[in-house]
Amino acid sequence: MVIKIELNKRQELILQIVKENGPITGEHIADRLNLTRATLRPDLAILTMAGYLDARPRVGYFYTGKSGTQLLTENLQKLYVKDYQSIPVVVNDSVSVYDAIVTMFLEDVGTLFVVDHSSLLAGVLSRKDLLRASIGNQDLSTLPVNIIMTRMPNVTMCQKDDLLIDVAQKLIEKQIDAMPVVKPNENGYEVTGRITKTNLTKAFLALAKDD
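Here it is, written out as structure tokens:
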């Protein structure tokens, strides 16, 4: 994966040399810095992997002209839901609010996905939904979740080939913590995964780390 890095002084010098003289061979860069080719090899590899430089056989290194922000944007365009989704926690639309609360607690999640008798997405339950129901005087053991859930077609969802950056935008706009990853069929949507703010945070933090 292409990474975004903090450049050290030598790497900054290498970039400057390539900007002004590229394409330029590794040997010529080394000569300008009074260093050996072997000493520079790790720096050149990092700069190439990070996308600042490109290299062509028998031609040398040249500057891509891309800023760190541009490279980060390009990296984000390579992160897909399918690579970071986690296992969904699903309940049937006939279970009680009490059972849903227990499931949420035991599974340690903030969102439950509700399916119908055909195992197709029917709605979503958040912590807020369950808390709101708990505040009233209702018997939670007899109150079905389909009374309080957010129903289809008002559920925000995504698919495995969606970009993570687009999913992040949806989470922010809708002010929700998670959304189901779905697979459409002729009768509705099958829940195949989930994407949460935690999934997104892990993915975005990976851009700042080496493979």
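Numbering (the numbering used here) for the sequence shown: 20 to 230.
Backbone N, C-alpha and C fix where the C-beta goes; we use that ideal spot for every residue, glycine too.
Since this is a predicted model, take the numbers as computed values, not measurements.
For R213, the enclosing beta strand (DSSP E) covers residues G207 to T215. Counting along the chain, P61 sits inside no beta strand (DSSP E); it lies in the alpha helix (DSSP H) bounded by residues R56 to M68.
Counting along the chain, the unbroken beta strand (DSSP E) around Y80 starts and ends at G79 to Y82. Its Cα nearest to that of L32, the residue R51 stands out among E46, T44 and R51.
The beta-carbon separation of G129 and A197, rounded to 6 Å, stays under the 8 Å limit for a contact. When V109, I48, V200 and V114 are compared, the shortest CA-CA separation from D127 is found for V109.
Around the beta-carbon of F124, fewer than 16 other beta-carbon atoms lie within 10 Å, marking it exposed. Beyond the five residues adjoining it in sequence on each side, V133 comes within less than 8 Å, by CB distance, of V109, V110, N111, D112, L140, A141, G142, V143, L144, V164, N165 and M168 in the same chain, given in chain order. About 25 Å separates the Cβ atoms of I154 and T175, ruling out a contact at the 8 Å cut-off. Less than 8 Å divides the Cβ of S115 from the Cβ of S160. Counting only runs of at least 3 residues, the stretch 109-161 fully encloses the following beta strand (DSSP E) elements, listed from N- to C-terminal order: 109-111, 130-134 and 140-145. Taken through DSSP and simplified to helix, strand or coil, N204 comes out as strand. Distance between V186 and V100, taken at the CA atoms: about 8 Å.
Between N204 and Q157, the alpha-carbon positions lie close to 36 Å from each other.
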